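**Student:**
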Amino acid sequence: MNTYNCIAEDVQLGNEVQLSKFINLYGCSIGEGTKIGAYVEIQKNSSVGKHCKISSHSFICEGVVIEDDVFIGHGVMFINDRYPRATNRDGSLQTEADWKVERTVVRKGASIGSGATILSSVTVGENAIVGAGSVVTRDVPPHAIVAGNPARVMRVIGQGTSESKASTLVPFLDLVTPHAELEQELVGAFRSCLRTASFVGGSIVEDFEKAFAAFCHTDHAVAVSSGTDALRFALIACGIGPGDVVLTVPNTFIATTEAISQAGALPEFIDIDESTYNLSVEMLQSYLEAQCTRDKTGRLISLRSGRPVTAIVPVHLYGQMANMDSILRLADEYGLIVIEDACQAHGAQYFSRKHDRWMKAGSMGRAAAFSFYPGKNLGACGEGGAVTTNDSAVAATIKLLRDHGQAKKYYHDVEGYNGRLDAIQAGILHVKLPHLEPWNAGRRDRAAEYNRLFAGNKAVILPYEPSWSRAVYHLYVIRVDDREDLISHLKAAGIGTGIHYPIPLHLQKAYNSLSYGLDAFPVAERAAAEILSLPMFPQLSANQQARVAEEVDLFVAQASSTHSELKDMSLETTAKSA
Ligand SMILES: Cc1ncc(COP(=O)(O)O)c(C=O)c1O
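Take any residue in the sequence shown, note its place counting from 1, add 90, and you have its number in our numbering.
1) Which residues in the same chain as L709 place their Cβ atom closer than 7 Å to its Cβ, once the five residues preceding and following it in sequence are excluded?
2) How many Å lie between S252 and L624 at the Cα?
3) With a threshold of 16 other CB atoms inside 10 Å of the CB of W529, please say whether the residue is buried or exposed.
4) Once DSSP output is grouped into helix, strand and coil, what is the label at I589?
5) Go ahead and label Y367 buried or exposed: buried means 16 or more other beta carbons lie within 10 angstroms of its beta carbon, across all protein chains shown.
6) By how many angstroms is the C-alpha of H233 removed from the C-alpha of S453?
7) Counting Cβ pairs, one atom from each stretch, are 3 or more of them under 8 Å apart for the region 328-344 and the region 390-402?
8) Buried or exposed: L183, going by 16 or more other Cβ atoms within 10 Å of its Cβ?
9) For the alpha helix (DSSP H) containing D319, name the first residue and the last one.
10) Quick check on the DSSP output: the beta strand (DSSP E) that includes D361 runs from which residue to which?
11) Determine, using beta carbons only, whether T213 and V154 come nearer to each other than 8 Å.
12) Does the Cβ of T366 lie closer than 7 Å to at least one heavy atom of ligand 1?
13) If distances are taken between C-alpha atoms only, which option among N217, A218, L209 comes closest to V226?
14) Answer yes or no: the CB of C433 versus the heavy atoms of ligand 1, is any distance below 7 Å?
15) Just to check, is the beta-carbon of A345 closer than 7 Å to a non-hydrogen atom of ligand 1?
16) Could you tell me how far apart the beta carbons of I429 and A458 are, in whole angstroms, since I believe they sit closer than 8 Å?
17) Out of curiosity, what's the CA-to-CA distance linking F359 and P340?
18) Out of A324, Y129, N135, L393, which one is the CA nearest neighbour of V166?
19) Can you give me the start and stop residues for the beta strand (DSSP E) that K498 sits inside?
20) Give me the DSSP bridge partner(s) of T383.
21) Could you tell me which residues DSSP puts in a beta bridge with E131?
22) If you measure between the beta carbons of N547 and V642, is that distance less than 8 Å?
23) Do A435 and V562 have their C-beta atoms closer together than 8 Å?
24) For S182, name the three-state secondary structure that DSSP assigns.
25) Alpha carbon to alpha carbon, how far is Y116 from A237? Give it in angstroms, no decimals.
26) Taking the C-alpha atoms as reference points, what is the distance between L109 and E122?
27) Contact between the region 349-356 and the region 373-384: three or more CB pairs below 8 Å?
28) Which residue marks the beginning of the alpha helix (DSSP H) containing T346, and which one marks its end?
29) Which same chain residues end up closer than 7 Å to A516 when comparing Cβ atoms and leaving out the 5 residues on each side of it in sequence?
30) Rounded to whole angstroms, what's the CA-CA distance from R510 to R492? Just pull it up for me.
31) Which whole-angstrom value is the C-beta distance of H590 and L565, which I expect to be below 8 Å?
32) Any chance the CB of V312 is under 7 Å from a heavy atom of ligand 1?
33) May I ask you to verify whether the region 598-608 touches the region 315-329, counting CB pairs closer than 8 Å and requiring at least 3?
34) Looking at the structure shown, is C433 part of a helix, part of a strand, or coil, going by DSSP?
35) Verify whether the separation of the beta carbon atoms of G425 and L393 is less than 8 Å.
36) Buried or exposed: which applies to H445, given that a residue is buried once 16 or more other Cβ atoms fall within 10 Å of its Cβ?
Set out below in structure tokens:
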């Protein structure tokens with residue numbers, strides 16, 4: 091005790107309370123071992139628990155309950171009446187009797203930063219942290235870190251005292267860990283290229299091609315320099331060329347349509363299925379029946395462009411296969427070539443009723459294109475791609491196309507391209523290929539875990555996997571209403587996200603000339619506005635997934651409380667103006 095303090099007789103002080111100078115306490119209780127700094131005032135009917143630290147200049151007013159182990163910074167201000175007035179209607183000064191004291195609770199282990207203001211009636215949850223200078227206007231969830239005015243949840247920290255979760259960043263994609271795990275073998279692949287001076291073509295590329303064809307259950311895999319080239323070469327090798335129309339979806343990466351245009355053809359779009367985001371078989375059928383005609387020679391002609399429709403490029407988006415049996419049946423009926431865009435679907439499987447077995451992506455169309463861009467399920471350490479096919483003539487043409495049209499050095503059968511996969515990338519891909527199955531299994535496990543974590547969250551639409559699909563979750567894509575706000579919330583919490591893709595191709599500037607307007611493909615347009623890709627990679631930890639789910643849940647809870655507050659306010663306003 092010291093002489094400059096004002097401690098009323100009714101104050102209950104626990105053992106070993108430490109009091110600084112110039113404090114003012116009355117009608118309150120202070121728990122054992124608590125330390126109170128200079129110039130603190132604690133009013134009647136308030137309590138401070140054991141082992142708390144109340145820093146100087148803080149004001150703890152009537153009705154505040156501070157539980158054990160709480161830290162209060164300097165100059166923290168509590169408020170116990172939301173709508174205080176100086177005078178009554180008759181002009182007389184208000185007294186204590188006019189004030190409505192509302193209870194405010196700071197739960198065990200919470201910390202409140204200097205200069206924060208805590209409005210009345212709120213509960214600061216257990217172990218929560220209120221950032222310095224925040225203005226807390228509503229309850230703070232347990233273990234949450236809040237900051238700002240009004241205070242918003244920035245992130246959630248682990249249970250107990252661990253802050254490991256708070257410091258857990260969740261990248262959208264981790265390309266460092268898998269390469270670190272395989273570093274020796276990858277460096278070995280690079281070294282053998284250096285030592286044999288094998289940089290373009292040769293046995294390193296051929297060996298990888300054989301292994302990748304075996305993985306895809308196809309007769310051939312022809313390695314090329316990118317997924318875009320794989321598509322372009324596949325289209326050209328299958329005979330698609332100038333004047334043709336090729337059908338595809340509007341919600342793919344632009345490489346799909348670039349390849350179609352670069353083959354000389356014209357892309358036309360078909361809308362997608364609402365639940366799988368892949369080509370809608372119903373829309374394809376209705377396009378073929380209602381938006382095409384036959385010319386004198388029996389060719390299928392697009393009414394939109396007046397050009398012959400010759401091919402379909404279904405995209406196995408996000409690692410889930412399009413409904414291939416139905417697409418192939420329609421293609422057969424209308425004499426169309428099918429080229430799969432499997433750039434996101436290495437190892438995905440489709441149960442074909444026609445063949446009564448599971449079939450791999452890339453093994454069902456006339457040809458298929460894969461991308462080995464680094465972030466893909468099987469990614470190079472640079473650019474790469476491959477065409478798979480069971481058609482030997484198509485494979486032979488692609489080998490020509492990728493290598494300046496030459497079957498023998500400087501003997502050019504056709505004009506081709508510089509589209510080879512270099513040997514260093516082939517060697518690297520070959521090292522990684524045996525890991526693709528376990529990596530895909532890891533992605534499927536993580537997708538199942540996300541599904542479990544989000545099961546109770548009605549605001550989140552989960553990816554849908556039909557019974558005939560075994561997706562490989564190149565991306566895990568949810569659908570939400572307030573996507574942009576959720577992205578900002580997750581970003582603030584250190585969680586990476588992506589949008590695949592924000593603008594459907596028919597609305598891209600690059601395709602103004604195709605003259606599709608808004609509403610041309612309503613399902614794809616709706617999806618583009620709501621889809622959100624969450625972190626997904628085989629090394630994603632259970633903790634990281636829990637963090638993502640916690641933050642999404644928190645965001646949804648906050649958004650719904652904000653909506654109800656706004657609703658309340660508008661009801662109040664309506665009531666007042668009525
Ligand atoms: C669906 C789709 N098609 C084609 C491509 C093109 O592949 P690349 O980037 O290897 O040229 C990609 C790559 O992102 C893709 O996602």
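Backbone N, C-alpha and C fix where the C-beta goes; we use that ideal spot for every residue, glycine too. For clarity, every value in this text was computed on a predicted model and none was experimentally measured.
**Tutor:** According to the data block:
1) The structure shown does not extend to residue 709, since the chain spans only 91 to 668, so no value can be given for it.
2) As a working mapping, residue 252 is identified with position 162 in the sequence shown. As a working mapping, residue 624 is identified with position 534 in the sequence shown. Caution is warranted here: a pLDDT of 45 is assigned to S252, below 50, making its placement in the model unreliable, and the coordinate value is therefore given only provisionally. Cα-Cα distance, rounded: 25 Å.
3) Position 439 of the sequence shown, counted from the first residue, corresponds to residue 529. Per the 10 Å Cβ criterion, buried.
4) The residue you call residue 589 lines up with position 499 of the sequence shown. Of the three classes helix, strand and coil, the one that applies to I589 here is coil, per DSSP.
5) Position 277 of the sequence shown holds residue 367. Buried, by the Cβ-count rule.
6) In the sequence shown, residue 453 corresponds to position 363, counting from 1. In the sequence shown, residue 233 corresponds to position 143, counting from 1. The straight-line gap from Cα to Cα measures roughly 50 Å.
7) yes
8) In the sequence shown, counting from the first residue as 1, residue 183 sits at position 93. Exposed is the call here.
9) For the purposes of this step, residue 319 is identified with residue 229 of the sequence shown, where counting begins at 1. D319 -> alpha helix (DSSP H) spans 317-327.
10) Against the sequence shown, residue 361 aligns to sequence position 271. Premise fails: D361 is in no beta strand (DSSP E) and is neither H nor E.
11) Counting from 1 along the sequence shown, the entry for residue 213 is found at position 123. Counting from 1 along the sequence shown, the entry for residue 154 is found at position 64. No, the pair does not count as a contact, with Cβ atoms beyond the cut-off.
12) Sequence index remark: in the sequence shown, residue 366 carries index 276 (1-based). Every heavy atom of ligand 1 is 7 Å or more from the Cβ of T366, so no.
13) In the sequence shown, counting from the first residue as 1, residue 226 sits at position 136. Among N217, A218, L209, the Cα nearest to that of V226 is on L209.
14) Sequence index remark: in the sequence shown, residue 433 carries index 343 (1-based). Answer for C433: yes, Cβ within range of ligand 1.
15) For the purposes of this step, residue 345 is taken as the residue at position 255 of the sequence shown. Yes, Cβ of A345 sits closer than 7 Å to a heavy atom of ligand 1.
16) Position 339 of the sequence shown, counted from the first residue, corresponds to residue 429. Position 368 of the sequence shown, counted from the first residue, corresponds to residue 458. The Cβ separation is near 7 Å, so the contact holds.
17) Walking along the sequence shown from the start, residue 359 turns up at place 269. Walking along the sequence shown from the start, residue 340 turns up at place 250. Inter-residue distance for F359 and P340 is about 6 Å (C-alpha atoms, whole angstroms).
18) Translated into positions along the sequence shown, residue 166 becomes position 76. Considering only alpha carbons, the answer is Y129.
19) For this step, residue 498 is matched to residue 408 along the sequence shown. Per DSSP, K498 belongs to the beta strand (DSSP E) from 496-498.
20) Looking up residue 383 in the sequence shown gives position 293. Residue pairing by DSSP places T383 opposite I391 in a beta bridge.
21) Here residue 131 corresponds to residue number 41 of the sequence shown, with the count starting at 1. E131 is bridged to N114, F149.
22) By one-based count along the sequence shown, residue 547 stands at place 457. By one-based count along the sequence shown, residue 642 stands at place 552. Yes. Within cutoff.
23) The sequence position of residue 435 within the sequence shown is 345, counting from 1. The sequence position of residue 562 within the sequence shown is 472, counting from 1. It is a contact, given that the beta carbons lie within the stated cut-off.
24) Indexing the sequence shown from 1 puts residue 182 at position 92. Coil.
25) Here residue 237 refers to the residue found at position 147 when the sequence shown is read from its first residue. Here residue 116 refers to the residue found at position 26 when the sequence shown is read from its first residue. The straight-line gap from Cα to Cα measures roughly 31 Å.
26) The sequence position of residue 109 within the sequence shown is 19, counting from 1. The sequence position of residue 122 within the sequence shown is 32, counting from 1. Cα to Cα, the separation comes out at about 12 Å.
27) no
28) By 1-based counting over the sequence shown, the position of residue 346 is 256. First-last of the alpha helix (DSSP H) with T346: 345-352.
29) On the sequence shown, residue 516 is found 426 positions in, with the first residue counted as 1. Result list for A516: I294, V295, F298, A313, in chain order.
30) The sequence position of residue 510 within the sequence shown is 420, counting from 1. The sequence position of residue 492 within the sequence shown is 402, counting from 1. Each residue's Cα considered, the two are about 5 Å apart.
31) In the sequence shown, residue 590 corresponds to position 500, counting from 1. In the sequence shown, residue 565 corresponds to position 475, counting from 1. Going by Cβ atoms, the distance from H590 to L565 rounds to 6 Å, so yes, they are a contact pair.
32) On the sequence shown, position 222 is the one that residue 312 refers to. No - ligand 1 has no heavy atom lying nearer than 7 Å to the Cβ of V312.
33) no
34) Taking the first residue of the sequence shown as position 1, residue 433 is located at position 343. Of the three classes helix, strand and coil, the one that applies to C433 here is coil, per DSSP.
35) Walking along the sequence shown from the start, residue 425 turns up at place 335. Walking along the sequence shown from the start, residue 393 turns up at place 303. The answer is no: Cβ separation not under 8 Å.
36) Residue numbering aside, residue 445 sits at position 355 when the sequence shown is read from its first letter. That one is exposed.
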